[in-house]
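What follows is a single structure, written as C-alpha cells, with notes after it.
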Amino acid sequence: MLSACTVEEGTEDAREVKRLLEAAFPPNEQAPFSFLLEQAEREEVSLLAYRDEGLFCGFAFMIEGADLAYVLFLAVGQAARSRGYGARMLEDIGRRFPGKTITLDIEPLDDAASNALQRRRRRDFYLRNGFAPTGFANCFEGDAYEVLAKGPGFDPGRFLTLVNELPEGEDKTLARIEDVAPAYADLLLAAR
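The C-terminal position of the sequence shown is numbered 192 in UniProt numbering, with every residue numbered one higher than the one before it.
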C-alpha cells in the first residue's frame, strides 16, 4: 500500500529523495536539496517521500495557499515507473488539499527539444490524471514552463502570489503560453 511520510534530514528517505531529485531533473531545474529541507520546515510547505512495502516510489515537494497548492517537484523512482505510482501519488496530493486547485508546471511541448518525446509523455500523463492547461507559463530565469491545473479554478494572480512566497520564486512571472512559446501556440491550443 502506498504511503507518504515527511522527509527528515539524515534519513534513508532523505538520501533517496536527494538521489532522485538529481537524477530526474536537469541541473537548471533543480533546487538544492538543503533548500527543500529548509523550506519544508514551514507549515505550508511539504516534502513527502512515497513508499510501498519498503519500495521507494518517489517524492513530492509542494506549497499550499488559501485555495490552491503548487507542486514544484514530483518524481517517480526508476524501480517504480510504469506501475501506476505516479497517478497514486497525484491522488494522494489531491486528498491532502481537498477543494483546492492543484497546480504544477512542465516543460512546454517543443518538437525540436532533445527530450521532445519525454515532454509529450509527461504532459499526456498529467492530462490523463485530470490536469488541464491553464493557458499560462511560469517564467523564471529565461525559461518558461506550462502551468497545468486540476480543481475548482485557476486564478493566475493567486498562483503567482503563492509561487513568490518561496524565496527562489521572487523573480517568477506569468505570461500567456502563446507569448513565450509562439512556435507552439497552435499545438498547445489544439491540445486543450
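A virtual CB, placed ideally from N, CA and C, is assigned to each residue, including glycine.
Source: prediction; values computed, not measured.
Let's see if you can read the secondary structure: which residues bound the beta strand (DSSP E) around residue i?
i	result
Pro133	Ala132 to Phe140
Asp143	Asp143 to Lys150
Leu36	It is not in any beta strand (DSSP E) - Leu36 instead sits in the alpha helix (DSSP H) that spans Phe33 to Gln39.
Arg176	Thr173 to Arg176
Asp105	Thr101 to Ile106
Which partner residues of residue i appear in the DSSP bridge assignment?
i	result
Phe61	Leu47 and Phe73
Can the beta-carbon of residue i be found closer than 9 Å to that of residue j?
i	j	result
Phe56	Glu16	yes
Ile93	Ala137	no
Glu165	Glu44	yes
Phe59	Leu68	no
Ala24	Ala79	no
List the endpoints of the continuous alpha helix (DSSP H) containing residue i.
i	result
Ala4	That residue, Ala4, is in no alpha helix (DSSP H); its beta strand (DSSP E) goes Leu2 to Thr6.
Leu109	Counting along the chain, Leu109 falls outside any alpha helix (DSSP H), and DSSP gives it neither H nor E.
Asp124	Ala116 to Arg128
Asp92	Tyr85 to Arg96
Gly157	Pro156 to Val163
Please state the DSSP three-state secondary structure of residue i.
i	result
Asp52	strand
Leu68	strand
Leu166	coil
Pro26	coil
Glu12	helix
Use the C-beta contact count for residue i: other C-beta atoms within 10 angstroms, 16 or more gives buried, fewer gives exposed.
i	result
Asp105	buried
Using a Cβ-Cβ distance cut-off of 9 Å, determine whether residue i contacts chain C.
i	result
Pro26	Among the protein chains of the structure shown there is no chain C, as only one such chain exists.
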